[in-house]
Amino acid sequence: MLSARGIAVAFGGVKALDVVDVEVGPGSIVGMVGPNGAGKSTLFNCLTGVVSPDAGTVELDGKDITRWPTERRARVGIGRTFQTARADPNSTVCDAIMTGFTVSTRQCMLGAFLSSPGVRAEEKQFKARALALVDTFDLGNPDALVGELPAPHRRLLEVARTLAGDAKYLLLDEPAAGMDSLDRQILSKVLRQVADRGIGIVLVEHNFGFVLSLCDEVTVLASGKVVAQGTPEHIREHPEIVRVYLGQGTP
Amino acid sequence: MRTFTVLGRHRNLLAYAVVIGIVISVAQGRESIYDVGVSILVFGLMGIPLALMYGHGGIISLCQASFAALGGYATSILTVSHGWSAWEALAPSILVPGVIAYLISRPILRLPELSLALTTIALAQLWYGLVALGGDRTGGHVGLYGMPALPFGDEQLGGFLGIAVLVAAAIWAFENYVRSARGRALNAIRIDPILARSVGADVARERALVFGVAAGVAGLAGWYFSLYVGFLSPDSLSFTQSFAVLFMVVIGGRRSSIGPLIGSTVYILAGDLLPGGVAQGVVFGAMLVAVLLLLPDGLASLGGIVRRVRRRPPGSGSAAPRDPAPAKRERAHA
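Next up, the structure:
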């Protein structure tokens, strides 16, 4: 269970988050939606360790990780993606995914310089796993350069890289932004498969429809406060949500 | 299959070995050719770890020659004043600069790229001052001499082969490293430290280790250089040389294991052929501008570009992007 409780963050007097709770268990998909400035990115950053909250705690399986830096969270199985894809445009798709193994590698520096048998064996295994992920995400040629991939595929690549790191929880920052319905279908299908393997997923999204169709739990934020929280069915019928977001004819 | 991949990984090493073979067969024992070759290779040995550090890790250093000097001085002091043999001085000449670099790098490497470069300049100057003021211990401005000969046999060929083998080892280790998980972490740090941290890399430690290793290999070059020349003064591996090493790495190719060697070859040969300091400055300056504008990854990237152009079947551009329209639709939901 990854949970954030009573999170409050203020940026120079502006309350970005005003006592917000959110939690995700193994195998479930939790979505955070809301307009720009709602505080969903700030909440996301508190979970990843980029922002340290003024009040409240972030816990992983009962352990307080509120002050842990990003890399330490990565090592206990909290992986994340970024709003803008950050992979090196000049590396190959396969290499970009293999960057995700940084968190689990046992290679020491000397072994890496000498290409010791242990390092070679591990690299072989990493390569096979990366190629399997290329297949799962339908990314095409593993030797293509990341810069040549269309933008939506670069986002899928980000998710693939995070999965390579054996994450127990995935934090996805607007994974479907700029995707067409076909890519969104691939993404939904893969995320559902990932969740079925017992991995908890938290995603921040603009797109209401995508979140409601994919997630098990949805948190709607506005101006740093929770407007509604619950299952997609609950959200769909929530009077406030219907009035503000769904009542205007958009699905 | 296995042999093929190993060869593919060490293609640069193979090319390097062929060139060394040609040089030896052409030289026919002529001292002048070996001398030029040794200069090129000593600079190359300082440059190869800098290419790893800068081209892959994004860390600029302008004190690579100072670390070589540190290794050279460790060698000279131990052999001249304490009677150590050349082999006995080998480990200290690597460890002294390596450990010192590692220890001072933790605070330095937190700085952004430019301030880091400036700090390494300051370090080089500090080191220069310390050596010059060192009195009898360092030989002061005059320098130290009387080191034992290189332990690779007396002949010119032995000395040349010695440095050639050290450089070969550096190329081999470089190629191994960039294909390991550690190498990928180093590249992630250069591209984006936030990304690197999100995949679990300890950015400060990873950078400090590479900085330390680069200094250690520079120290090895200093060990060789001080024994080859048999004389070491504060000016023999000075700040100018640190600049020259960075220049070679950028010209030759900062991401390639043999880029620094291509760069040092250009630098040394052009330096021998061009008349005075002014002409050299103009030519090197023009070269630097041209490479930075046209070939950001240096002369070594020419081969790759040619290969890629030839391999691409006619008419196939990059993968056609799919319909970008949905992005517009989505904004309506927000």
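So the protein lines, in turn, are chains A and B.
So the first sequence is numbered by our numbering: it starts at -14 and just counts up by one.
So the second sequence is numbered by our numbering: it starts at 10 and just counts up by one.
Even for Gly, the Cβ is constructed at its ideal location relative to N, Cα and C.
Buried or exposed: where does residue i fall if 16 or more other Cβ atoms within 10 Å of its Cβ makes it buried?
i	result
A:Ala106	exposed
B:Ile31	exposed
B:His150	exposed
A:Lys25	buried
B:Ala100	exposed
B:Ser327	Only weak support exists for where B:Ser327 lies, its pLDDT of 44 falling under 50; the value from the coordinates is given anyway. It counts as exposed.
B:Ile49	buried
A:Arg71	buried
B:Thr249	exposed
A:Asp168	buried
A:Asn126	exposed
A:Glu56	buried
A:Gln178	exposed
A:Tyr230	buried
B:Ser273	buried
A:Arg228	exposed
A:Asn21	exposed
B:Ala179	buried
Below 7 Å CB to CB, which residues in the same chain sit around residue i once its five sequence neighbours on both sides are set aside?
i	result
A:Ala180	Gly12, Ser13, Ile14 and Ile186
A:Asp3	Ala(-7), Gly209 and Lys210
B:Met62	Ile68, Ser70, Val219, Phe220 and Ala223
A:Thr84	Arg146
B:Ser247	Ala74 and Tyr137
B:Gly66	Leu195, Ile198, Arg199, Arg216 and Val219
Please name the residue in the options whose C-alpha comes closest to that of residue i.
i	options	result
B:Gly38	B:Phe252, B:Leu282, B:Gln165 and B:Ser70	B:Gln165
B:Ile42	B:Gly17, B:Leu204 and B:Phe169	B:Phe169
B:Gly53	B:Val291, B:Val254 and B:Val259	B:Val254
A:Leu206	A:Gly16, A:Ala113, A:Arg(-10) and A:Met(-14)	A:Gly16
B:Leu270	B:Val208, B:Leu283 and B:Ala60	B:Ala60
A:Arg182	A:Leu172, A:Gly163, A:Phe195 and A:Tyr154	A:Tyr154
B:Ala74	B:Met55, B:Ala309, B:Leu135 and B:Gly152	B:Met55
B:Gly107	B:Val45, B:Val174, B:Trp232 and B:Leu23	B:Trp232
A:Asp151	A:Asn126, A:Asp165 and A:Ala115	A:Ala115
A:Gly64	A:Val43, A:Thr33 and A:Glu8	A:Thr33
A:Ala161	A:Thr69, A:Asn126, A:Gly125 and A:Val203	A:Thr69
A:His138	A:Ala149, A:Asp165 and A:Ala1	A:Asp165
B:Val291	B:Leu303, B:Tyr276, B:Pro305 and B:Leu304	B:Tyr276
B:Tyr82	B:Arg18, B:Gly148 and B:Ala26	B:Gly148
B:Leu175	B:Gly228, B:Thr128 and B:Val140	B:Gly228
A:Leu99	B:Ala299, B:Gly268, B:Trp136 and B:Arg188	B:Arg188
B:Ala133	B:Phe76, B:Asp306 and B:Gly312	B:Phe76
A:Lys48	A:Phe86, A:Gly194, A:Ser(-12) and A:Gly22	A:Ser(-12)
A:Val43	A:Val7, A:Val227 and A:Asn192	A:Val7
B:Ser85	B:Tyr154, B:Gly307, B:Asp145 and B:Asp201	B:Tyr154
B:Gly239	B:Gly313, B:Asn196, B:Gly66 and B:Gly152	B:Gly152
B:Leu282	B:Ile29, B:Leu23, B:Val45 and B:Glu40	B:Val45
B:Leu236	B:Glu40, B:Gly80 and B:Asn21	B:Gly80
B:Ala173	B:Ala182, B:Tyr25 and B:Trp93	B:Tyr25
B:Ile103	B:His19, B:Ser34, B:Tyr186 and B:Val226	B:Val226
A:Asp80	A:Glu108, A:Ser101, A:Arg91 and A:Ile50	A:Glu108
B:His19	B:Val300, B:Val51, B:Tyr186 and B:Leu278	B:Tyr186
For a quick check, are the C-beta atoms of residue i and residue j less than 8 Å apart?
i	j	result
A:Glu254	A:Glu222	In the structure as shown, chain A begins at -14 and stops at 236. Residue 254 of chain A is therefore absent and cannot be evaluated.
B:Glu184	B:Ser266	yes
A:Val88	A:Leu142	no
A:Leu130	A:Asn75	yes
B:Thr88	B:Ala78	no
A:Glu202	A:Gly215	yes
B:Arg199	A:Met94	no
B:Pro243	B:Tyr137	yes
A:Arg60	B:Gly209	yes
Once you ignore the five residues that flank residue i on each side, which residues in its own chain have a CB closer than 6 Å to its CB?
i	result
A:Gly(-2)	none
A:Ala145	Ile82, Leu118 and Phe122
A:Gly62	Ala152 and Lys153
A:Leu156	Leu32, Thr33, Arg65 and Val187
B:Pro160	Ala95 and Trp96
B:Arg4	Within the shown structure, residues of chain B are numbered from 10 to 343, placing residue 4 of chain B beyond reach of any answer.
Indicate, with yes or no, if the ligand SAH has a heavy atom lying under 7 Å from the CB of residue i.
i	result
B:Gly221	Ligands in the displayed structure: none, and consequently the ligand SAH is not present.
For residue i, collect the residues of the same chain with a Cβ closer than 8 Å to its Cβ; drop the 5 residues on either side in sequence, then sort them by chain order.
i	result
B:Ala213	Arg115, Leu118 and Arg119
A:Ser198	Ser173 and Pro217
B:Leu297	Phe256, Val259 and Ile260
A:Ala40	Gly(-9), Ile(-8), Ala(-7) and Val4
* Asked: According to a CB-to-CB cut-off of less than 8 Å, which residues of the region 205 to 219 of chain B neighbour chain A?
  -> Cβ contacts with chain A come from Ala205, Arg206, Ser207, Val208, Gly209, Ala210, Asp211, Val212 and Leu218.
* the region 166 to 193 of chain B: positions lying closer than 8 Å to chain A by Cβ -> Within the region 166 to 193 of chain B, the residues whose Cβ lies closer than 8 Å to some Cβ of chain A are Ala182, Asn185, Tyr186, Arg188, Ser189, Ala190, Arg191, Gly192 and Arg193, listed in chain order.
* Name the residues in the region 109 to 123 of chain A whose C-beta lies less than 9 Å from a C-beta of chain B; which are they? -> Of all residues in the region 109 to 123 of chain A, the ones placed with a Cβ closer than 9 Å to any Cβ belonging to chain B are Phe111, in chain order.
* **Interface residues of the region 90 to 102 of chain A facing chain B [CB-CB below 7 Å]** => Residues of the region 90 to 102 of chain A that bring their beta carbon within less than 7 Å of a beta carbon in chain B comprise Thr90, Gln92, Met94, Ala97, Phe98, Leu99 and Ser100, in sequence order.
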